[in-house]
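>
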Amino acid sequence: MSARLREALVSVSMGVMNSLCDETEALMDEEYVKFSNMSKELSFIRDELSSMNAFLEILADKEELDPLTKNWKNQVREMAYDIEDWIDEVMRHASQDGTAAGLIWKIIQRLSMLRTKNRISNEIRQIKARVMEVSHRHKRYKIDVSTSASKYVSVDPRLHALYADEDGLEGMDGPRNELVELLLDEGQRLRVVSVVGIGGLGKTTLANEVYKRIGDKFDCQAFVSVSQRPDMTRILANMFSQLGQEPPSQPSEVQNLINDLRKHLQDKRYFVIFDDIWEESAWDILRCALPKNEQASRVITTTRIETVAIACCSYLHEYVYKMEPLDDQQSKRLFLNRIFGSEDACPEQLRDISTEILDKCNGLPLAIVSISGLLANQATTRVEQWEHVRNSLGNKFGKCSALDSTRRILQLSYKNLPYYLKACFLYLGIYPEDYTIWKNDVVKQWIAEGFVSKVQGLDAEDVASNYFNELVNRSMISPNDVNYQNEVLSCKVHDMMLDFILSECAEENFLRINDKPNASLGLHNNVRRLSIQYDNGNHSVMDPAKNLSHVRSLAAFGGSNFLYLNPLSEFSFLRVLIVGFSDVSYKMELDFLGVCKLFQLRYLKIETNIHVQLQLPEKIGELQQLETLDIEWGSVVIPSDIICLPCLTHLIIPESTRLPDGIGNMKSLVTLQSFDLGENSIDSIRGLGQLTNLRDLKLCYSRTTISNTALCMDVLQSSLEMLCNLKYLYMYWPGICGSGLSLLNPSPRHLQTLELTYWCFPKVPEWIAELHELQVLKIAIRELSMDGFLVLARLPALTNLGLRTQVSPREGITIYSMAFPALKYFKYWCRIPRLTFEAGAMPKLERLKLRFKEIFESPSGIEHLFALKEVFLEIGGLRGKVPKRGCALSVLIMAIDMHPGCPRLKIVRCPHL
Numbered sequence: 001m002s003a004r005l006r007e008a009l010v011s012v013s014m015g016v017m018n019s020l021c022d023e024t025e026a027l028m029d030e031e032y033v034k035f036s037n038m039s040k041e042l043s044f045i046r047d048e049l050s051s052m053n054a055f056l057e058i059l060a061d062k063e064e065l066d067p068l069t070k071n072w073k074n075q076v077r078e079m080a081y082d083i084e085d086w087i088d089e090v091m092r093h094a095s096q097d098g099t100a101a102g103l104i105w106k107i108i109q110r111l112s113m114l115r116t117k118n119r120i121s122n123e124i125r126q127i128k129a130r131v132m133e134v135s136h137r138h139k140r141y142k143i144d145v146s147t148s149a150s151k152y153v154s155v156d157p158r159l160h161a162l163y164a165d166e167d168g169l170e171g172m173d174g175p176r177n178e179l180v181e182l183l184l185d186e187g188q189r190l191r192v193v194s195v196v197g198i199g200g201l202g203k204t205t206l207a208n209e210v211y212k213r214i215g216d217k218f219d220c221q222a223f224v225s226v227s228q229r230p231d232m233t234r235i236l237a238n239m240f241s242q243l244g245q246e247p248p249s250q251p252s253e254v255q256n257l258i259n260d261l262r263k264h265l266q267d268k269r270y271f272v273i274f275d276d277i278w279e280e281s282a283w284d285i286l287r288c289a290l291p292k293n294e295q296a297s298r299v300i301t302t303t304r305i306e307t308v309a310i311a312c313c314s315y316l317h318e319y320v321y322k323m324e325p326l327d328d329q330q331s332k333r334l335f336l337n338r339i340f341g342s343e344d345a346c347p348e349q350l351r352d353i354s355t356e357i358l359d360k361c362n363g364l365p366l367a368i369v370s371i372s373g374l375l376a377n378q379a380t381t382r383v384e385q386w387e388h389v390r391n392s393l394g395n396k397f398g399k400c401s402a403l404d405s406t407r408r409i410l411q412l413s414y415k416n417l418p419y420y421l422k423a424c425f426l427y428l429g430i431y432p433e434d435y436t437i438w439k440n441d442v443v444k445q446w447i448a449e450g451f452v453s454k455v456q457g458l459d460a461e462d463v464a465s466n467y468f469n470e471l472v473n474r475s476m477i478s479p480n481d482v483n484y485q486n487e488v489l490s491c492k493v494h495d496m497m498l499d500f501i502l503s504e505c506a507e508e509n510f511l512r513i514n515d516k517p518n519a520s521l522g523l524h525n526n527v528r529r530l531s532i533q534y535d536n537g538n539h540s541v542m543d544p545a546k547n548l549s550h551v552r553s554l555a556a557f558g559g560s561n562f563l564y565l566n567p568l569s570e571f572s573f574l575r576v577l578i579v580g581f582s583d584v585s586y587k588m589e590l591d592f593l594g595v596c597k598l599f600q601l602r603y604l605k606i607e608t609n610i611h612v613q614l615q616l617p618e619k620i621g622e623l624q625q626l627e628t629l630d631i632e633w634g635s636v637v638i639p640s641d642i643i644c645l646p647c648l649t650h651l652i653i654p655e656s657t658r659l660p661d662g663i664g665n666m667k668s669l670v671t672l673q674s675f676d677l678g679e680n681s682i683d684s685i686r687g688l689g690q691l692t693n694l695r696d697l698k699l700c701y702s703r704t705t706i707s708n709t710a711l712c713m714d715v716l717q718s719s720l721e722m723l724c725n726l727k728y729l730y731m732y733w734p735g736i737c738g739s740g741l742s743l744l745n746p747s748p749r750h751l752q753t754l755e756l757t758y759w760c761f762p763k764v765p766e767w768i769a770e771l772h773e774l775q776v777l778k779i780a781i782r783e784l785s786m787d788g789f790l791v792l793a794r795l796p797a798l799t800n801l802g803l804r805t806q807v808s809p810r811e812g813i814t815i816y817s818m819a820f821p822a823l824k825y826f827k828y829w830c831r832i833p834r835l836t837f838e839a840g841a842m843p844k845l846e847r848l849k850l851r852f853k854e855i856f857e858s859p860s861g862i863e864h865l866f867a868l869k870e871v872f873l874e875i876g877g878l879r880g881k882v883p884k885r886g887c888a889l890s891v892l893i894m895a896i897d898m899h900p901g902c903p904r905l906k907i908v909r910c911p912h913l
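Residue 32 in UniProt numbering sits at position 32 of the sequence shown, with consecutive numbering throughout.
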């Protein structure tokens, strides 16, 4: 398919309608269609679909749809999927036939087009008839937006938080006191404190508690709800009324209300809470009504979105209060007190199962209150009933009326997502519960599915990364791994959020989960995305009668479940394939030969282990759409025609894997991991230099013996000097200690990460001084000089440094003021830690990890590391006098204890060092 067809624009109809409109237009340019004289019919289909799509976008903002409208919407969605599949198939045949060469083949091609003409014409007429029927049904039953919108009037689900009894609150004392302290410390200037966190954490309740606690200390106060679609005239008039003034009797312009409010508040000490702000633009209007009058006035804002919170506080991060979930003990108290009146009243037989239920809530107060209300209303202490509730939390989220308030909160967050995020968010349901979802993986899957729109100046992965970050920012997903650049590398989905996702997926026929052996999919519609999540040892053969050809994403978690699937060739429209075999404990061969029939496949990830021998098809070059091939662990032979994949952008293979000669032809590669220098030819190492689009390169040497080291290093150095776009370079080569790569010229100046594991330079290479964008550096130096250390100290962007030395300067290392201006993590391996930190050194350092063989001297100046939060010491060495070693360690511990920031200290003794 052409690049134009891959520019999928995502809409409220879950990533198909806008893409389909584009593909229909593109198809009109194909010879098959021109030859069939069917452009007029396709033009009609395109226009009808565009009108339907516009209507669907309006419906997406409605909280409830009547059954008739919902049914029509589902029919449009399924029709759109089917048409897009048909277009993909036609375009594939057009692409194949377009490769014909020579007179004989051109004649055959012409005859083939004649035979195809009638078939395509008939198919287009059938599609047109189906589109017309759906369009007529819309008119026939008078489906209208207004009737759908007026069907249901929502009550603000946060309303109960304003009237909660203080005795029924749990876990509020600490946050309330901390918030009060932020608000009431000295200072006459207007101060804004913003509370941020996922819906249901209790932000409104907390703000209301603070309002009740300190509101009488101010001349006037107001508690104003903003919401996701704020009516500014109403909000400002309400604020006017609460502050002690009569609102205007006639409707007034926003500007006039702001002027009146400023005039009223100018000489007063006021306290205002703006609850539930969703957009910075709303805050930009509200803050205009707040005069900076040097009266020690205070404002609280609450929001689910971190960027909004930061903007409300004028980007003063110290006034952003991040709301945390309840801990286990607080959750237990809240849960049991609401059901039994006290913790002690809980029957013994229910204690374990109550813990399991609470585990599902993850400290979310709204979830705990909803579930405890369900159990309290049942007036039973039967274990079976509690087990039923526990099991229902996993798969019947949408069926349980007692969870409506929790669902309403989550649905509010979901409904407010921009259209381009909704499909991406629902796609996370493909992963099992409590699964660590890596950003680098999921953004590629979104792209392969067509969920990511093009943005001028950004490539698709940058746009998709922004999508991921926006979901984090909106508290829809929970950060799991965060690096020292504050980049979220992986996430998890809250259990109850996952239940909500799966409920929405079932409603939209977006994704189906098969997590029970011998369970039927039970579908009347085609399966579009399928995730198989059996436990180990539980397998079932898929119903052979079930048509799986329309599946776009297939994920098989739990090892050998994949072996019991239908043949791969049946998944003819598959775009994403994820298979996990990491639990296999015996030698086995895994046959992936059928994958070469998946002509739409864009993303293939196979997770195995050392027991698995993987068989890829010899004709993998037929996968002309393949963008990502990710094989982790295991053993695999890479087919020779992999170099013929025009779209392959990311290639990740196990160590000890040989690539075919000719890799210099793989011009589209951006990621290459792991390229084994010991397994690949010198020509292949030379070919690396031709991959000028490479940004992420991982090199390794898996052999225990080294041959042609000098030649290998010379060729590698020449290749690296040609990779001008390289950002991430990882090298793992045990036992190397020499001058190889010490003279890179030019250096890869855009490097952001340089990790040289088990590679030891004789001294700090001079070219490292040119890496002004370098953020992460892990390096070993045989003999570290003070001049070499200063090269590292001057790197302006360096946030993470792991430094290992064999010989350090005899006089020790002094870290001067403003050295390492951005460093947050410093790990230093050496024999004796002769370190001196001067005032102003490493001003942002948060974590210090020292690993040394003997401690006869204590590092000095620890007290100058003002941002320090954690110190980790690994101490080895059995030689020397114990008293001297103990004295030096005591001095170091005392210095850490006296540090004004009270950093955490952990000491581990390692005799083997």
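From the three backbone atoms N, C-alpha and C, an ideal C-beta is built for every residue, glycine too.
Using DSSP bridges, identify the partner residues of Ser531.
BP columns for Ser531 point to Ile513 and Ala555.
> Which whole runs of the alpha helix (DSSP H) in the stretch 351-397 are 4 residues long or more, in chain order?
Complete alpha helix (DSSP H) runs here, min 4: 351-361, 365-378 and 383-395.
> Have a look at Val463 and Lys454 and give me their C-alpha separation to the nearest angstrom.
Cα to Cα, Val463 sits roughly 7 Å from Lys454.
> Quick check on DSSP: helix, strand or coil for residue 944?
Nothing in the structure corresponds to residue 944, since the chain is present only between 1 and 913.
> According to DSSP, which residues form a beta bridge with Tyr825?
The partner list for Tyr825 (beta bridge, DSSP) reads Asn800 and Arg847.
> Could you check where the beta strand (DSSP E) with Gly580 kicks off and where it finishes?
Counting along the chain, the beta strand (DSSP E) containing Gly580 begins and ends at Val576 to Gly580.
> Any heavy atom of the ligand MG within a distance shorter than 6 Å of the CB on Leu366?
Although the ligand MG was asked about, the structure shown includes no ligands whatsoever.
> For Phe675 and Arg658, I'd like the C-alpha separation in whole angstroms.
Cα-Cα distance, rounded: 8 Å.
> DSSP on His650, reduced to helix/strand/coil?
Reduced to three states, the DSSP call for His650 is strand.
> Would you report the Cα separation of Ser656 and Arg703, rounded to the nearest angstrom?
Roughly 8 Å separates the two Cα atoms.
> How close, in whole Å, do the beta carbons of Gln775 and Thr753 come, if the pair is a contact with beta carbons under 8 Å?
About 7 Å; that satisfies the 8 Å criterion.
> Can you round the beta-carbon distance between residue 934 and Cys700 to whole angstroms, since I take them to be within the 8 Å contact cut?
Past the boundaries of the shown model lies residue 934; the chain is included only from 1 to 913, so the question cannot be answered.
> Got a sec? Which residues, its chain only, sit under 7 Å from Asp591 by beta carbon, not counting five neighbours each side?
Taken in chain order, the residues that qualify are Gln615.
> For the stretch 715-726 against the stretch 637-654, do three or more pairs of beta-carbon atoms, one drawn from each stretch, fall closer than 8 Å, so that the two count as touching?
No, because fewer than three Cβ pairs between the stretch 715-726 and the stretch 637-654 fall closer than 8 Å, the two stretches do not touch.
> May I ask you to report which of helix, strand or coil DSSP gives Leu502?
Three-state result, Leu502: helix.
> Just to confirm my understanding: we take Pro903, look at its own chain, exclude 5 residues before and 5 after, and list those with CB closer than 7 Å. What are they?
Excluding positions up to five away in sequence, the list reads Leu868, Lys869, Glu870, Val871 and Ile896.
> At what residue ranges does the stretch 221-278 contain a whole run of the beta strand (DSSP E), taking only runs of 3 or more?
Runs of the beta strand (DSSP E) inside the stretch 221-278: 270-277.
> Report the residue from Phe510, Ala556, Phe581 and Phe557 whose alpha carbon sits nearest the alpha carbon of His550.
That would be Phe510, whose Cα lies nearest to the Cα of His550.
> Nearest-angstrom Cα distance between Lys292 and Arg269?
Cα to Cα, the separation comes out at about 10 Å.
> Tell me Asp630's beta-bridge partners as DSSP assigns them.
Lys605 and Ile652, per the DSSP bridge assignment.
> Sort Asn665, Ile430, His264 and Leu677 by Cα distance to Arg552 and report the nearest one.
If we check each option's Cα against that of Arg552, Ile430 comes out closest.
> Among residues of its own chain, excluding the 5 on either side of Glu622, which ones have a beta-carbon nearer than 6 Å to its beta-carbon?
So the list reads Cys596, once near-sequence residues are dropped.
> For Ile682, I'd like the list of residues in its chain whose CB is within less than 8 Å of its CB, leaving aside the five on either flank, ordered along the chain.
These residues qualify, in order along the chain: Asn708, Leu711, Cys712 and Val715.
> Identify every run of the alpha helix (DSSP H) within the stretch 442-466, keeping only runs that are complete inside it and at least 4 residues long; order them along the chain.
Taking only runs of at least 4 residues, no alpha helix (DSSP H) segment lies wholly in the stretch 442-466.
> Between the stretch 192-212 and the stretch 309-329, do at least 3 Cβ pairs fall closer than 8 Å?
Touching, yes, given that three or more Cβ pairs across the two stretches are closer than 8 Å.
> According to DSSP, simplified to helix, strand and coil, what is Glu755?
Strand at Glu755.
> Given this structure, state the Cα-to-Cα distance separating Leu726 from Leu489, to the nearest angstrom.
Leu726 and Leu489: Cα-Cα distance of roughly 20 Å.
> Could you give the distance in angstroms between the alpha-carbon of Arg298 and the alpha-carbon of Leu265?
Going from the Cα of Arg298 to the Cα of Leu265 covers about 12 Å.
> Figure out for me which residue from Ile305, Met497 and Val482 has the closest Cα to the Cα of Leu364.
Nearest C-alpha to Leu364: Met497.
> Output the boundary residues of the alpha helix (DSSP H) element that contains Val308.
Glu306 to Cys312 is the extent of the alpha helix (DSSP H) around Val308.
> Who are the Cβ neighbours of Val791 in its own chain at under 8 Å, not counting the five residues just before and after it?
Closer than 8 Å at Cβ, skipping near neighbours: Val764, Glu766, Ile768 and Ala769.
> Would you grab the beta carbon distance between Leu823 and Thr799 for me? Rounded to a whole angstrom, and I think it's under 8 Å.
That belief holds up - the Cβ atoms of Leu823 and Thr799 are roughly 6 Å apart, short of 8 Å.
> Can you tell which of Pro67, Leu393, Phe761 and Val443 has its C-alpha closest to the C-alpha of Leu428?
Comparing Cα positions, the closest option is Val443.
> Alpha carbon to alpha carbon, what distance is there between Leu865 and Tyr414?
C-alpha separation (whole angstroms): 43 Å.
> State whether the stretch 226-245 contacts the stretch 328-344, with contact taken as three or more CB pairs (one from each stretch) at a distance under 8 Å.
Flag = no, the stretch 226-245 and the stretch 328-344 do not touch.
> Using the Cβ count rule (16 or more neighbours within 10 Å means buried), how would you classify Thr436?
When all chains shown are included, Thr436 counts as exposed.
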